[in-house]
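Data first, discussion second: the structure below is written as structure tokens.
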Amino acid sequence: MNVSVVICTYSIDMFDHLVDAVNSVLAGTYEDREVVVVVDGDGSLFERIRDRYESHDDVVLHCNDKNLGLSASRNVGVELASGDVVAFLDDDAVAHPEWIERLVSLYRRHDAVAAGGRMTGRWVAGKPAFLPEEFYWLVGVTHRGFPTEECEVRNTFGSNISFKREVFEELGGFEPNLGRFGEKYLQGEETEFAARVRQHYGEGVWYDPDAVVEHKVFDYRTKPGWLVKRAFWQGYSKRVMGELSSDDDGGEEGVFLRNLAFVFVPGRLRDLARHRRGVDLLQLFALLVFTGTVGLGYLYAVANR
Numbered sequence: 003m004n005v006s007v008v009i010c011t012y013s014i015d016m017f018d019h020l021v022d023a024v025n026s027v028l029a030g031t032y033e034d035r036e037v038v039v040v041v042d043g044d045g046s047l048f049e050r051i052r053d054r055y056e057s058h059d060d061v062v063l064h065c066n067d068k069n070l071g072l073s074a075s076r077n078v079g080v081e082l083a084s085g086d087v088v089a090f091l092d093d094d095a096v097a098h099p100e101w102i103e104r105l106v107s108l109y110r111r112h113d114a115v116a117a118g119g120r121m122t123g124r125w126v127a128g129k130p131a132f133l134p135e136e137f138y139w140l141v142g143v144t145h146r147g148f149p150t151e152e153c154e155v156r157n158t159f160g161s162n163i164s165f166k167r168e169v170f171e172e173l174g175g176f177e178p179n180l181g182r183f184g185e186k187y188l189q190g191e192e193t194e195f196a197a198r199v200r201q202h203y204g205e206g207v208w209y210d211p212d213a214v215v216e217h218k219v220f221d222y223r224t225k226p227g228w229l230v231k232r233a234f235w236q237g238y239s240k241r242v243m244g245e246l247s248s249d250d251d252g253g254e255e256g257v258f259l260r261n262l263a264f265v266f267v268p269g270r271l272r273d274l275a276r277h278r279r280g281v282d283l284l285q286l287f288a289l290l291v292f293t294g295t296v297g298l299g300y301l302y303a304v305a306n307r
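Residue numbers (my numbering): 3 to 307.
Dropping the structure here:
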């Protein structure tokens with residue numbers, strides 16, 4: 003089984019991080035693979051990447067004529083990929099050595115159409131004390147409440163997800179109205195696509211928590227203002243996904259919210275009563291703020307679409 007790993011990038015500032023991402027795939031234990039790098043309209047960045055990797059037969063390089071956005075760039079990567087499976091990795095992430103090998107094992111053991119794994123954090127600026135684990139998903143890290151064992155889920159993070167090639171041939175690509183694009187902050191293109199996959203094939207994404215990708219969490223992503231903005235646009239994106247996909251029933255979000263209301267918040271209140279630690283109070287406050295902000299983003303989308 004040949005695997006193509008698509009990595010999209012758009013800024014010269016990300017060059018060193020992109021190199022880390024590409025090299026992590028090339029250094030992995032699974033050898034029947036290629037890396038497809040799509041540069042989104044930055045010619046100078048493309049030249050630097052070409053100088054670095056043009057001698058690698060297992061690295062495919064492409065530069066869009068103009069900035070198309072993440073979803074469209076991923077679709078370009080799928081078209082260029084030659085693998086039986088197409089996987090996705092971000093340019094600020096690092097795959098663990100056995101990442102592809104473990105994904106391939108899911109395909110073989112479950113006759114899967116999609117597979118993904120767990121995101122861990124490389125806290126470049128240190129882990130913020132106020133950020134509760136329930137909201138690690140705001141920074142692209144697998145959060146508290148996500149399954150801890152191998153199982154089928156609706157989707158995993160977009161930097162650790164893969165699909166069989168025929169899935170794209172039958173369903174088309176990612177929705178271009180979702181995904182990062184300039185100042186547009188809509189997210190969740192992999193969620194919407196995975197919902198289409200589940201609707202069409204009757205199954206979701208097979209998840210292995212030991213198929214690990216490490217996400218670099220830069221300093222600006224740990225600032226309260228950035229996190230609140232992120233939470234708002236996650237709520238907005240959720241509403242848009244609901245309009246685009248009749249299969250996106252909010253099931254996993256519903257489970258998360260029920261856990262939040264009846265497990266996580268009460269548990270933190272008990273801990274606060276026992277220990278009276280400032281960090282517990284801070285995280286409880288952040289938990290409530292982020293939950294409310296996601297809800298505001300959703301309501302804003304309802305009122306303005």
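Beta carbons: idealized from backbone N, C-alpha and C, even for Gly.
Taking the C-alpha atoms as reference points, what is the distance between V8 and H217? Just so you know, the alpha carbons of V8 and H217 end up roughly 16 Å apart.
Do L91 and V27 have their beta-carbon atoms positioned less than 8 Å apart in this structure? Note that the C-beta distance between V27 and L91 is below 8 Å.
Alpha carbon to alpha carbon, how far is N179 from F234? 17 Å
Helix, strand or coil for P99 per DSSP? coil
Taking the alpha carbon of D42 as the point to measure from, which residue in V291, N77 and D53 has its own alpha carbon closest? N77
Check T144 in the structure and name its three-state DSSP category. Coil, per DSSP.
Distance, G147 Cα to D250 Cα: Caution is warranted here: a pLDDT of 46 is assigned to D250, below 50, making its placement in the model unreliable, and the coordinate value is therefore given only provisionally. Cα to Cα, the separation comes out at about 19 Å.
Under the three-state reduction of DSSP, which class applies to Y302: helix, strand or coil? helix
Hey, V219 and V199 are a contact pair by Cβ (cut 8 Å); roughly how many whole angstroms apart? About 28 Å separates the two Cβ atoms, so there is no contact after all.
Can you list, in chain order, the stretches of the beta strand (DSSP E) that have 3 or more residues and sit fully within the region 32-68? 35-41 and 61-65
Counting C-beta neighbours from all protein chains within 10 Å, is the total for L301 16 or more, i.e. buried, or is it exposed? exposed
Give me, in chain order, the residues of the same chain whose beta-carbon lies closer than 7 Å to that of V80; leave out the 5 immediate sequence neighbours on both sides. V8, V88, F170 and G175, listed in sequence order.
Using the beta-carbon count (16 or more within 10 Å), is K225 buried or exposed? Per the 10 Å Cβ criterion, exposed.
Excluding the 5 residues flanking E103 on each side, which residues of the same chain have their C-beta closer than 6 Å to its C-beta? T31 and Y32
Cutoff 8 Å; reference L173; Cβ partners in own chain excluding five residues on either side: F195, R198, V199 and H202
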